[in-house]
Amino acid sequence: MSYLPVFLAIAAVLSILFVFAAVGVGKKEALRANRIFASQVQQSIDYSLRVVDQMILGELWMNTLWSDFFEPKPQTNRYLAEYELSSKLIGLTDNSPLIDSIYLVRFADQKVMTNSSMLSLESFPDRSFLQEAQSRTEEMRFWTSPRTAAGVGKEERSIFSLLLRYPLLDGEQGMVVVNIQTAAIAELLNSFSDSGLSFIRLYDDNGALVYGTDMQQGGAGYEKQPPTKNANVLTRIKSDYTGWEVQSGLKDGSYAGGYTIPPRVWLALAVLTVLLGIGFIIYITMRNYKPIGKIMESIETYASVEPPKLRNGGGGDEFAFIAKALDDLIRQTGEDVIYRRKLLFQELFEGSRAISPEQWREQLKGLGMEEPVDRLQTGIVDIDRYEDFCRSYNHRDQGLLRFALGNVVSELAEQQGLRIWAEWLTSQRMGLLILHQSGGQAPESEGRLQLVTGSAVEWVRQNLRLTITIALGVAVEKAAEVGLSYESAAEAMKYKSVLGNSRVIAQLDLPVQSPGDVFSQLQPIRAMATAFRLGEEKWRELLAQVMDALKKGRFSRDDIVNLMGYMLYQLNLELAGLPEESRRPWEEQAAPGLERVMGGMDTLEELSCQILPILEEQDALIRQIREKRAAHSIVWEARRFIEENYANPDMSLTYVGEHFHITSNYLSRLFKEETGENFVDYLARIRIQQAMRLLKETELTVQEVAVRAGYTHYVSFNRVFKRIAGVTPGDYRK
4 MSYLPVFLAI AAVLSILFVF AAVGVGKKEA LRANRIFASQ VQQSIDYSLR VVDQMILGEL
64 WMNTLWSDFF EPKPQTNRYL AEYELSSKLI GLTDNSPLID SIYLVRFADQ KVMTNSSMLS
124 LESFPDRSFL QEAQSRTEEM RFWTSPRTAA GVGKEERSIF SLLLRYPLLD GEQGMVVVNI
184 QTAAIAELLN SFSDSGLSFI RLYDDNGALV YGTDMQQGGA GYEKQPPTKN ANVLTRIKSD
244 YTGWEVQSGL KDGSYAGGYT IPPRVWLALA VLTVLLGIGF IIYITMRNYK PIGKIMESIE
304 TYASVEPPKL RNGGGGDEFA FIAKALDDLI RQTGEDVIYR RKLLFQELFE GSRAISPEQW
364 REQLKGLGME EPVDRLQTGI VDIDRYEDFC RSYNHRDQGL LRFALGNVVS ELAEQQGLRI
424 WAEWLTSQRM GLLILHQSGG QAPESEGRLQ LVTGSAVEWV RQNLRLTITI ALGVAVEKAA
484 EVGLSYESAA EAMKYKSVLG NSRVIAQLDL PVQSPGDVFS QLQPIRAMAT AFRLGEEKWR
544 ELLAQVMDAL KKGRFSRDDI VNLMGYMLYQ LNLELAGLPE ESRRPWEEQA APGLERVMGG
604 MDTLEELSCQ ILPILEEQDA LIRQIREKRA AHSIVWEARR FIEENYANPD MSLTYVGEHF
664 HITSNYLSRL FKEETGENFV DYLARIRIQQ AMRLLKETEL TVQEVAVRAG YTHYVSFNRV
724 FKRIAGVTPG DYRK
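When we follow our numbering, the leftmost residue of the sequence shown carries the number 4, and every step to the right adds one.
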């Protein structure tokens with residue numbers, strides 16, 4: 004008789020379910036029709052967006068205007084190409100009612116082109132979105148979630164975008180951003196729902212509401228929350244193309260609301276009845292039995308009969324399964340703690356984590372730091388010669404060495420009473436967060452830090468077949484300022500190429516003079532490239548001067564890489580005019596070798612030692628090829644004659660040909676083949692070089708310098724000087 008109420012409750016539940024099933028037949032049909040309707044809406048949205056996507060893809064594949072913008076060639080008329088591309092953008096926008104605007108972003112010079120202007124990325128109104136999109140290098144083409152943005156000369160409006168990286172295979176040159184107004188999608192949804200009974204809602208891939216036909220329109224747009232509840236949502240369909248979800252249902256007060264509410268009420272009553280029945284059964288069971296004692300007796304009995312199964316969690320032992328589940332939970336919790344620690348570390352270094360002093364103290368407790376911390380400082384550990392490191396060790400050995408480096412730093416810090424939190428930021432770079440505790444003097448703490456980092460560098464050099472360089476940032480007082488300290492450490496690491504590797508670079512080690520002028524090195528590099536092409540011995544001296552200037556000046560690694568790239572460009576440009584037999588060894592051997600050396604540069608000293616042998620070998624090859632030609636001696640004698648008589652105003656191709664008893668045409672061809680330079684250009688360069696020397700070393704007037712350089716007319720001298728030197732003679736002397 005104790006269980007009679009349970010049976011009555013079950014009978015009541017069955018009756019309710021029978022009524023609910025009868026009502027569900029009608030609802031099932033409504034759901035099917037609503038799903039078909041929502042599917043059509045979703046397909047229509049996908050089709051409209053796919054049309055835009057395919058149209059842009061077709062243009063990128065078939066039209067060369069895009070490649071001329073993202074990778075302009077020297078012979079391309081840039082202004083005409085930009086005008087034609089702007090006209091194309093206007094045509095694409097006008098031809099599609101969905102497209103609001105189109106941006107083109109070129110990574111090389113950080114320029115943004117719209118259908119009406121060309122702006123830098125820093126001055127572009129939508130730059131925060133473009134900078135974030137540029138960092139998403141793993142995706143070549145994707146749709147974004149709606150956002151509020153302002154275009155050039157436009158008011159803020161709600162848009163979402165299609166991003167395509169260019170070229171489509173690797174996306175390294177730039178990206179195309181096609182903006183679609185959310186209002187256009189709203190009009191499309193409104194065209195499907197005009198009966199007043201149903202509604203359609205569109206959610207983006209993050210679950211945020213984009214638009215709903217049951218939203219109330221205000222003066223400035225649409226409210227974020229619809230007036231109707233989600234109780235009558237019948238269908239949810241998610242797009243495989245955009246990841247967006249379409250929800251559809253019937254509005255409150257409609258027929259569906261009338262017949263769907265009662266079954267739910269009855270279902271709630273049924274659930275309540277079942278819960279009460281379960282509670283009653285539990286009460287009776289607990290009253291009639293002694294479960295705790297019985298369970299303990301069962302455990303003890305089972306453990307004495309089958310202890311191996313109890314230990315291994317097998318043989319149907321429920322308690323073993325429970326224990327195993329708890330062990331798995333503890334293990335997963337530990338892994339989660341490690342992940343959250345690393346995430347906090349990266350956010351602090353990036354400066355993207357806003358953390359209050361109270362939150363920071365809680366985090367320190369989690370790290371086992373009970374004593375207060377009054378200063379924070381960051382450091383960077385870089386693996387030197389990283390390309391050699393990757394070639395020398397497989398993936399597993401690399402992981403073991405990184406693990407060893409982290410342990411070495413932590414143990415050395417612990418020996419000196421310092422707390423250092425170390426995490427790998429990239430496969431080459433490990434970040435250090437030094438926690439200076441209160442109670443210690445700043446100079447003493449800094450001294451211990453120098454001892455720890457110096458010992459780590461020395462230990463790695465002696466015990467591992469690699470070296471590391473450590474750069475230290477400035478000390479800060481707040482956790483929110485850790486990003487600033489990391490920036491200073493990263494800036495210090497840029498000078499490793501000048502200061503050397505396998506050492507500690509502190510802020511005091513950085514050069515105190517003003518940064519080196521990159522542009523001041525362009526002319527010496529051009530002079531070195533020209534001397535190398537002509538086979539003059541002074542190219543070695545000029546190269547040494549450039550390297551010495553880079554070493555003495557305050558040039559960062561980025562500046563050095565850019566200047567080395569310019570040097571390779573100038574050498575390619577100079578040697579392009581040589582005959583094919585002289586040019587082929589350069590293009591097939593020397594130029595690729597220089598690119599590899601420059602790409603793997605670790606220090607400036609190593610770079611200089613690697614560049615010189617490559618250039619000397621190439622110089623010897625070109626010299627051998629030249630000496631095999633019968634006309635080699637004639638050209639070199641002609642060059643010497645020009646250099647000795649450049650001041651003669653009668654100096655010309657005919658004059659030199661008559662001196663050597665050969666025709667001017669033949670001499671011109673020989674001169675071009677041997678030097679890669681026209682006779683007129685060579686003579687002008689020699690004269691202007693001498694004029695530049697006279698302007699710097701003498702007090703002669705510009706007219707007198709022109710005469711001594713071989714020019715009888717000042718106007719001609721001024722024009723040629725400006726073409727070669729880039730400035731007028733008067734400005735050059737200033």
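A virtual CB, placed ideally from N, CA and C, is assigned to each residue, including glycine. This structure is a prediction, so every number in the text was calculated from the model and none was measured.
Contact annotation: Leu-436 and Thr-472 have beta-carbon atoms that are not nearer than 8 Å.
The residue from Leu-703, Gln-627, Ile-285 and Leu-167 with its alpha-carbon nearest to that of Gly-538 is Gln-627.
Here Glu-577 is not near Phe-522, since their CB atoms are 8 Å or more apart. In this chain, the alpha helix (DSSP H) harbouring Gly-568 covers 560 to 578.
Contiguous alpha helix (DSSP H) elements confined to the stretch 619 to 678 occur at 635 to 648, 656 to 663 and 667 to 678, taking only those with 4 or more residues. Short of 6 Å from the beta carbon of Arg-204, and not among the five residues preceding or following it, lie these beta carbons of its own chain, in chain order: Gly-215 and Gln-250.
Under the three-state reduction of DSSP, Ile-358 is assigned to coil, being neither helix nor strand. Pairing Met-178 with Val-115 gives a Cβ-Cβ distance that is not under 8 Å. Under the DSSP definition of a beta bridge, Asp-400 lacks any partner. Distances from the CA of Thr-117 to each of Lys-554, Ser-89, Glu-590 and Met-65 were compared; the closest alpha carbon is that of Ser-89. If you draw a straight line from the Cα of Glu-365 to the Cα of Arg-343, it comes to about 14 Å.
Arg-422 has its alpha-carbon roughly 23 Å from the corresponding atom of Gln-431.
Judged by DSSP in its simplified three-state form, Trp-247 adopts coil rather than helix or strand. Going by DSSP, Asn-98 is part of the alpha helix (DSSP H) stretching over 81 to 98.
Annotated three-state conformation of Arg-388 is coil, per DSSP. Around the Cβ of Lys-499, a 10 Å sphere holds 16 or more other Cβ atoms; the residue is buried. When Cβ pairs closer than 8 Å are counted between the two stretches, the stretch 554 to 566 is seen not to touch the stretch 593 to 600, the count staying below three. Counted as a single uninterrupted DSSP element, the alpha helix (DSSP H) harbouring Leu-686 occupies residues 682 to 700. Sequence-distant Cβ neighbours of Val-659 in its own chain, meaning closer than 6 Å and more than five residues away, are Ala-641.
Within the same chain, Cβ atoms closer than 8 Å to the Cβ of Glu-87 are found at Leu-68, the five residues on either side in sequence being excluded. The continuous beta strand (DSSP E) containing Met-121 extends over residues 121 to 123. If you check the CB distance, Tyr-489 and Gly-476 come in under 8 Å.
Ala-459 is positioned such that its CB atom lies closer than 8 Å to that of Leu-415. Between Cys-612 and Glu-540, the alpha-carbon positions lie close to 18 Å from each other. Within 10 angstroms of the beta-carbon of Asp-734 lie fewer than 16 other beta-carbons, which makes it exposed. CA-to-CA, the gap between Ala-41 and Ala-189 works out to about 15 Å. Contact between Val-277 and Val-181 fails: their C-beta atoms lie close to 55 Å from each other, not under 8 Å.
With at least 16 other beta carbons inside 10 angstroms of its own, Tyr-685 counts as buried. Within the DSSP secondary-structure output, Ser-161 pairs in a beta bridge with Thr-151. A distance below 8 Å between beta-carbons, with the five flanking residues on each side excluded, links Pro-149 to the following residues of its chain, in chain order: Ser-161, Ile-162, Phe-163, Thr-185, Asp-207, Ala-211 and Val-213.
Distance from the CA of Thr-96 to the CA of Leu-60, rounded to the nearest whole angstrom, comes to 15 Å. Leu-452 is positioned such that its CB atom lies no closer than 8 Å to that of Val-376.
A residue is called buried when at least 16 other Cβ atoms come within 10 angstroms of its Cβ; Gly-174 meets this threshold and is buried. Within a 10 Å sphere around the beta-carbon of Trp-64 sit fewer than 16 other beta-carbons, which makes this residue exposed. In this structure, Ser-505 is the residue among Tyr-717, Ser-505 and Glu-480 with its C-alpha nearest to the C-alpha of Gln-465. Cα atoms of Leu-275 and Gly-282: separation of roughly 10 Å, rounded to the nearest angstrom.
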